[in-house]
Amino acid sequence: MAKKEKKLSRQDAAELYRDLRKTMQKMSPKGVQSEPTVDKNVAKQIAQAIREGMKKDDELRRLGKLPPESELPSLEKKGVKSLTSHQSVRAGRSSESPSVAGRVMGFAVVGCLVLTKIVMSGLEYVGVLEVEEAHATLQSSARLRSLQESNLSQYSKEEVALLKALDARRLELEERNKKIDQRERDIGLQEQELVVRLAEVRDLTEQLKMDREKSEKKRSTQLEQLSNVYGSMNPTEAAHLIEQLDVTIALKLLQRMPEKRIGQILALMAPERALAITRLLSGGKEDLVP
Numbered sequence: 416m417a418k419k420e421k422k423l424s425r426q427d428a429a430e431l432y433r434d435l436r437k438t439m440q441k442m443s444p445k446g447v448q449s450e451p452t453v454d455k456n457v458a459k460q461i462a463q464a465i466r467e468g469m470k471k472d473d474e475l476r477r478l479g480k481l482p483p484e485s486e487l488p489s490l491e492k493k494g495v496k497s498l499t500s501h502q503s504v505r506a507g508r509s510s511e512s513p514s515v516a517g518r519v520m521g522f523a524v525v526g527c528l529v530l531t532k533i534v535m536s537g538l539e540y541v542g543v544l545e546v547e548e549a550h551a552t553l554q555s556s557a558r559l560r561s562l563q564e565s566n567l568s569q570y571s572k573e574e575v576a577l578l579k580a581l582d583a584r585r586l587e588l589e590e591r592n593k594k595i596d597q598r599e600r601d602i603g604l605q606e607q608e609l610v611v612r613l614a615e616v617r618d619l620t621e622q623l624k625m626d627r628e629k630s631e632k633k634r635s636t637q638l639e640q641l642s643n644v645y646g647s648m649n650p651t652e653a654a655h656l657i658e659q660l661d662v663t664i665a666l667k668l669l670q671r672m673p674e675k676r677i678g679q680i681l682a683l684m685a686p687e688r689a690l691a692i693t694r695l696l697s698g699g700k701e702d703l704v705p
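Going by the numbering used here, the first residue of the sequence shown is number 416, and it counts up by one from there.
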């Protein structure tokens, strides 16, 4: 025997309506806005089903076919149990009153509407309905191409050819500008490298200059010492040794000696050698000294 369905009072029906409405609000995903017309239709159908069931209960109570509301068992406030299977409902219809069968059908319709609403909200949440947006994008791009073709159709063939040539020229100029910009960037990098190399060359030149000055100073010191040595020697021996040296070294040694010692040494040297050194000395003493 099928299990007997619980009967609803007016207060329980109103509580069920509020619970169903809260459940629909909680189960609708955040960020997905459904159409307001769908929510209104669902609410109207739920209210209409509950209102019809309540009217039937009032009529049956006036006729004495139903006990008063105080004798009916109340439903739990936290929710309603799920409906039984289709076979249990059909078996219970033979033993239940017509009002109970009407309420069962009303709640079945309400459950179907709520389930449909939840499924549609889930589809919108996972993005299944975004296909319409992609279709709209394709339609907009096709509309843009058609507008371009319609704009070109307003011109003659010569004008279209001229516009295409100008567009090609524009693309060529843009490409040339890109190459020029790239070349300017390359030149800028080369200039930076050149500045670095110039700084390195400048540092190297300064270092070489300092080394040369040190070398010349050292050589000048050595020539001063040799000049003092040859100046302290016997003039005959000094003339004999200086005559065998290179003329440039002999000149630098004589330039660092006193004039009296120079005359003594030149007088003891061979005439040709003494004449050559004398010509070099007459060229300017400042020019020959390093």
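Ideal Cβ placement from N, Cα and C applies to all residues, glycine included.
Alpha-carbon to alpha-carbon, residue j and residue i
i	j	result
Gln569	Leu578	13 angstroms
Pro671	Val616	Residue 671 is actually Arg in this sequence, not Pro. Approximately 37 angstroms between the Cα atoms of the pair.
Leu478	Gly468	16 angstroms
Leu581	Arg600	28 angstroms
Gln622	Leu613	14 angstroms
Pro650	Glu687	18 angstroms
Glu587	Val611	36 angstroms
Arg433	Arg476	24 angstroms
Leu666	Met625	26 angstroms
Thr452	Asp472	A caution first: Thr452 carries a pLDDT of 44, below 50, which makes its placement in the model unreliable, though a value can still be read off. Near 30 angstroms, if we compare the C-alpha coordinates of Asp472 and Thr452.
Arg598	Asn592	10 angstroms
Tyr645	Gly698	23 angstroms
Thr636	Ile664	14 angstroms
Gly603	Ile595	12 angstroms
Ala685	Thr693	12 angstroms
Leu695	Asp618	37 angstroms
Gln463	Lys470	10 angstroms
Glu590	Val575	23 angstroms
Thr531	Ser571	58 angstroms
Gln640	Ser647	11 angstroms
Gln659	Thr620	37 angstroms
Own chain partners of residue i with C-beta closer than 6 angstroms, once the 5 adjacent residues on each side are dropped
i	result
Lys493	Residue placement at Lys493 is poorly supported in this model, since its pLDDT is 39, which falls under 50; the coordinates still yield a value, given next. Around Lys493: no qualifying Cβ.
Arg584	none
Glu573	none
7 angstroms Cβ shell around residue i - same chain, five flanking residues per side excluded
i	result
Leu642	Position check: residue 642 holds Ser in this sequence, whereas Leu was assumed. Around Ser642: Leu668, Arg671, Met672.
Leu683	Pro650, Thr651, Ala654
Thr474	What sits at residue 474 in the sequence shown is Glu, not Thr. No residues qualify anywhere along the chain.
Leu638	Lys667, Leu668, Arg671
Sequence-distant residues of the same chain with beta carbon closer than 8 angstroms to residue i, five excluded per side
i	result
Ala691	Val662
Ala689	Leu681, Ala682
Glu674	none
Check: residue i C-beta below 7 angstroms from any heavy atom of the ligand MN
i	result
Leu588	As presented, the structure is devoid of all ligands, the ligand MN included, so that no description of it is given.
Exercise. Touching or not, the stretch 646–658 and the stretch 673–688, by the rule of three or more beta carbon pairs under 8 angstroms?
Worked result: yes
For this session: Could you say if the stretch 630–641 and the stretch 601–618 meet the contact criterion of at least three C-beta pairs nearer than 8 angstroms?
Result: no
For this session: May I have a chain-ordered list of the beta strand (DSSP E) segments no shorter than 3 residues that lie completely inside the stretch 579–645?
Result: none
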